[in-house]
Amino acid sequence: MSQPVRLPEAAPAPQREPALELRGVSHRYGGKLAVAAVDLTVGRGEIACLVGPSGCGKSTLLRLAAGLEPLQTGSIRINGHLVADPRGSVPPEKRGVGLVFQDYALFPHLTALDNVRFGLSHLPGEQQKRRAMETLGQVGMAGFADAYPHVLSGGQQQRVALARALAPQPRVLLLDEPFSGLDPRLRHQVRDDTLHVLKSSQCAVLLVTHDPEEAMFLADRIALMREGRFAQVGSPVELYMRPADSFVASFFGEVNRLEAVVAGGRVATPLGSFAAKGFADGARVELVVRPEALQLHRGAQAPGAVLARVEAARLLGRTSLVHLAVTQPGAAPLHLHARVPGVFLPPEESLVALTLDGDHVFVFPQGA
Amino acid sequence: MTALSWNDAPAPALRRRFNGWSVATAVLALLIVLPLATVMGFAAAPQTEIWGHLASTVLGRYVLNSLGLMVGVGLGTLVVGTGTAWLVTMCRFPGRRVLEWALLLPLAMPAYVVAYTYAGVLDYAGPVQGAIRALFGFTSARDYWFPHFRSLGGAVAVLTAVLYPYVYLLARTAFLGQCACVLEASRTLGQSPWQGFSRVALPLARPALAVGVALALMEVLGDFGAVQHLAVDTFTTGLTRVWLGMGDAPAAAQLAVALLGFIGLLVALERLSRRRQRFHHATNRYRTLSGYRLSPLRGLLAMLACALPVLLGFVLPAGILGAWAVETAPQMVDGRFWLAAGNSLAVAGIAAAAATLVAVILAYGLRLRPNRMVRATVRLAGIGYAVPGPVIALGVMLAFTAIDGWVDGAMTAAFGISTGLLLSGTAFAVIFAYVVRFLALSLGTVESGLIRVKPHMDDAARSLGHGPGSMLRRVHAPIIKGSVLTAALLVFVDVMKELPATLMLRPFGFDTLAVRAYQLASDERLRDCAPAALAIVLVGLVPVLVLSAGIARARPGQGR
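Going line by line, the protein sequences match chains L and S. Take the first sequence: its position 52, counting from 1, is numbered 51 in numbering that gives the first Met the number 0, and each next residue is one higher. Take the second sequence: its position 287, counting from 1, is numbered 286 in numbering that gives the first Met the number 0, and each next residue is one higher.
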């Protein structure tokens with residue numbers, strides 16, 4: 000039996016004054032539509048993540064917001080002022096946006112300090128230096144002020160690039176895959192530090208990444224893009240717990256997929272019967288089941304349980320992954336992955352009882 | 000801390016977008032292509048009697064001589080360049096570090112200068128044959144056999160001695176790029192060092208070697224001074240003679256087009272090989288090369304093998320020149336010498352500045368508006384490096400004469416004023432030809448510098464409040480400064496050495512050092528030409544030293 004979906008609510012989102020507003024933005028490269036009629040508002044102090052597979056248009060959207068790409072359709076406002084529409088645009092140097100790039104783009108002929116001072120030309124010299132040192136201090140690089148970029152490690156360069164973008168106190172900070180040049184262990188550390196720096200800066204932050212875990216780690220709000228459109232926009236919890244379609248559901252983690260046909264408002268599967276609200280009888284649907292939705296009970300008979308044979312079990316650290324086969328009448332056994340917290344390693348070929356947490360089971364039309 | 004005021008101010012006026020680069024790029028590229036197009040146009044004109052005469056008498060000799068030179072110099076540079084490159088990159092022997100850059104020294108030697116020195120030393124009246132006669136008591140040339148230096152063989156030897164560095168440079172880079180991983184793999188698979196060379200390194204380096212040989216052969220076909228002095232008639236000498244002696248434009252243009260046919264084949268070979276080179280590049284991960292340690296005897300042989308080309312291509316000719324110059328400088332370094340030196344410096348300086356400026360404009364055009372039209376015109380503009388100087392000179396002469404005639408006719412008709420010759424026969428024509436000839440050099444150098452300014456740096460500078468002008472001044476200028484200076488230096492030196500185009504285009508009585516050396520050598524006053532020739536060689540040494548410093552620094556896998 001399926002459970003009604005409960006959505007654990009995050010703290011209610013504070014009302015934020017909009018800092019960056021994109022309205023009806025579309026963009027074509029040649030004949031190819033890269034961004035299609037996108038609306039997005041990022042509030043002051045908010046961290047929004049644009050996430051999606053490569054080539055989905057997320058970097059284009061960032062470049063449009065920065066003014067690096069002429070706007071073809073729609074409008075862009077920063078702090079309520081129109082900065083771009085199809086008639087023309089405010090050049091990037093007048094927009095007051097900060098930018099951090101995947102390759103950091105530090106100026107090789109300037110020291111870390113002079114890189115950070117680069118955006119402070121409007122200040123008198125002494126204040127430039129004070130502000131630059133202060134920002135370098137925020138990212139923990141005050142000790143490297145006189146170093147040239149080529150002697151800094153990737154993580155250090157990333158911090159200097161962040162300081163350089165933050166020093167002029169932009170209202171909007173745009174980051175394009177800022178961590179993907181770092182190796183995995185360093186990436187986690189730098190990401191953690193960056194989150195705290197961004198939160199204290201009170202900027203509106205728009206960050207592009209292809210890594211769903213990174214988006215969930217950093218974002219107040221996630222916009223998942225596919226082929227130039229937003230597949231879904233919402234808090235990480237919303238995207239994970241109430242995915243709009245099968246693409247969203249599977250983007251944030253590996254899933255089990257089952258195909259079925261609706262009969263009498265329900266779908267019957269080897270794992271039980273589920274409500275399929277809004278589907279006509281005979282509609283072909285796809286059930287998406289997260290591996291953590293499968294609850295395993297060793298040997299014991301749980302109520303409503305289905306028996307499954309263990310094909311393999313592996314400890315992955317904090318969780319265990321169990322490969323299961325469930326027999327279904329008139330078809331090859333159904334192969335499922337179950338993710339269990341802690342160490343749970345039943346012997347191969349043994350039988351386990353399987354129940355489902357309805358919160359992590361989603362019904363979508365097939366082929367959507 | 001001052002808050003940014005922009006966000007509180009009313010939104011700045013929306014800006015229009017503007018594009019002037021495409022136009023500038025296209026205009027420049029068309030100017031650069033003008034001489035070549037003119038030559039083609041004249042070649043299509045009806046054939047003259049002179050052409051028929053040429054075809055029946057000398058054309059066969061030109062073809063045979065040119066082919067002979069290409070085969071001989073091609074093989075020579077391939078063997079010498081590849082062999083020395085392999086030895087200095089893969090083997091450890093005494094003197095290797097010095098030879099690694101010394102092998103580039105012949106690049107400083109114009110081929111005609113080397114031809115003069117050896118001709119002076121090896122001719123019947125020279126010290127070598129003189130010593131032989133004195134030693135054996137011979138009294139005339141009939142008494143003994145001595146190789147005739149003024150011959151095809153002599154020209155092959157001279158050109159090989161100065162052109163092998165093209166192959167050496169490219170082979171060395173190729174070997175460095177592939178060595179560590181692939182060669183170690185081949186050794187673990189049971190291959191001896193020699194087998195590693197012949198079965199792995201050589202096939203992998205083949206595209207690079209082909210590029211090097213193609214570049215050397217372009218120089219061979221464009222050479223005028225050396226083959227002229229050694230009495231080997233080629234298309235280039237023939238073209239110069241037809242133009243300067245008979246003034247027959249269509250015949251000269253037809254010779255030029257025949258020459259361009261050979262050049263076209265070489266360019267095709269070069270382009271094709273460069274494309275294949277990318278796939279042959281084995282790895283981007285370098286390791287310090289350990290190299291084969293040679294036994295003392297083999298080490299000595301390797302040292303001699305690498306020292307010989309340096310000796311023949313640079314040390315000996317430079318030594319002979321030096322000795323001659325000491326002897327003749329008191330008479331020859333006179334007012335005319337300084338005048339020629341001043342002219343050389345002036346035209347080289349102006350041409351270097353112009354070629355660099357044009358290169359900067361084209362490189363930025365390519366960066367800012369990388370559309371197909373701009374890309375095609377810039378590539379077309381870069382073709383000059385392959386076109387022999389006499390062909391470009393001919394094109395410039397014909398085009399400028401036509402323009403002068405047209406302007407003169409129009410002015411006479413409209414105002415009754417004859418403007419005469421405005422462009423042809425001026426220093427401007429000479430400098431224009433230099434820019435067309437050497438633009439590829441400055442363009443390549445400027446482009447390689449501009450690549451270091453990554454596009455994201457532009458974006459970063461803009462987002463940090465700097466407009467395009469400020470961005471150019473504060474980000475681009477400091478980063479590309481070095482490349483721009485190098486580009487100017489390379490063009491400067493090549494102009495100093497340039498001979499045939501200068502001879503054909505110079506205003507009456509306008510001597511440069513190269514022209515003066517040529518004229519004295521043509522009068523068989525070889526010792527008297529030494530001061531001018533030596534001055535050219537000394538200037539030519541500067542970029543070679545810059546290049547060798549770069550080689551010492553840019554060894555992948557070391558430092559950084």
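Glycine is no exception: its CB is placed at the ideal position from the N, C-alpha and C atoms.
- Counted as a single uninterrupted DSSP element, the beta strand (DSSP E) harbouring residue 31(L) occupies residues 31 to 42.
- For residue 92(L), the closest Cβ of chain S is nearer than 9 angstroms.
- Burial check for residue 264(L): the Cβ neighbour count within 10 Å stays below 16, so the residue is exposed.
- Using a Cβ distance threshold of 9 angstroms, residue 305(L) and residue 270(L) count as a contacting pair.
- DSSP lists no bridge partner for residue 212(L).
- Here the C-alpha atom of residue 91(S) lies approximately 19 angstroms from the C-alpha atom of residue 190(S).
- Not a single CB atom of chain S sits nearer than 9 angstroms to the CB of residue 25(L).
- Contact between the stretch 328 to 342 of chain S and the stretch 524 to 532 of chain S is established, with three or more Cβ pairs separated by less than 8 angstroms.
- Along the stretch 436 to 467 of chain S, going in chain order, the ones with a CB nearer than 8 angstroms to a CB of chain L are 451, 453, 455, 456, 458, 459, 460, 461, 462, 463, 464, 465 and 466.
- Residue range 220 to 225 is occupied by the beta strand (DSSP E) that includes residue 224(L).
- When Cβ-Cβ separations below 9 angstroms define contact, residue 296(L) makes no contact with chain S.
- With respect to the 9 angstroms criterion, residue 311(L) and residue 253(L) are not classified as neighbours on the basis of their beta carbons.
- Following the DSSP letters along the chain, one finds residue 95(S) inside the alpha helix (DSSP H) bounded by residues 95 to 101.
- For the stretch 328 to 362 of chain S, the set of residues with a beta-carbon nearer than 7 angstroms to any beta-carbon of chain L is empty.
- Among the residues of chain S, those whose CB is under 9 angstroms from the CB of residue 98(L) are 455, 458, 459, 461, 462 and 463, following chain order.
- When 7 angstroms is used as the limit between beta carbons, residue 474(S) is near these residues of chain L: 106, in chain order.
- Looking only at 20(L), 184(L) and 197(L), the smallest Cα-Cα distance to residue 78(L) is reached by 20(L).
- Using a Cβ-Cβ cut-off of 7 angstroms, residue 478(S) is close to 107 and 108 of chain L, given in chain order.
- Residue 304(S) carries a helical assignment under DSSP once its states are collapsed to helix, strand and coil.
- Going by DSSP, residue 255(L) is part of the beta strand (DSSP E) stretching over 255 to 262.
- Residues of chain S whose Cβ lies closer than 8 angstroms to the Cβ of residue 102(L) are, in chain order, 453 and 455.
- Going by DSSP, residue 360(L) is part of the beta strand (DSSP E) stretching over 360 to 364.
- Assignment of residue 16(L) by DSSP, reduced to helix, strand and coil, places it in the coil class.
- In this structure the stretch 201 to 215 of chain L touches the stretch 39 to 50 of chain L; the number of beta carbon pairs closer than 8 angstroms is three or more.
- Residue pairing for residue 296(L): DSSP places it in a beta bridge opposite 352(L).
- Contact of residue 62(L) with chain S is assigned, a C-beta pair being separated by under 9 angstroms.
- For residue 179(L), the closest of 212(L), 162(L) and 150(L) by C-alpha to C-alpha distance is 212(L).
- With respect to residue 106(L), residue 478(S) sits close: the two C-beta atoms are nearer than 9 angstroms.
- In the DSSP assignment, residue 68(L) falls outside any alpha helix (DSSP H) and carries neither an H nor an E.
- Within chain S, the residues placing a beta-carbon under 9 angstroms from that of residue 117(L) are 459, 460, 463, 464, 465, 473 and 474, ordered along the chain.
- The stretch 56 to 69 of chain L makes contact with the stretch 33 to 43 of chain L: 3 or more CB pairs, one atom from each, lie closer than 8 angstroms.
- Residue burial annotation: residue 239(L) is buried, with at least 16 other C-beta atoms found within 10 angstroms of its C-beta.
- In the structure shown, the three-state DSSP call for residue 528(S) is helix.
- Contact annotation for residue 65(L) against chain S: 458, 461 and 462 [CB-CB distance below 9 angstroms, chain order].
- Close partners of residue 179(L) in chain S (Cβ separation under 8 angstroms) are lacking, with about 14 angstroms as the shortest Cβ gap.
- Collapsing the DSSP output to three states places residue 232(L) in a strand.
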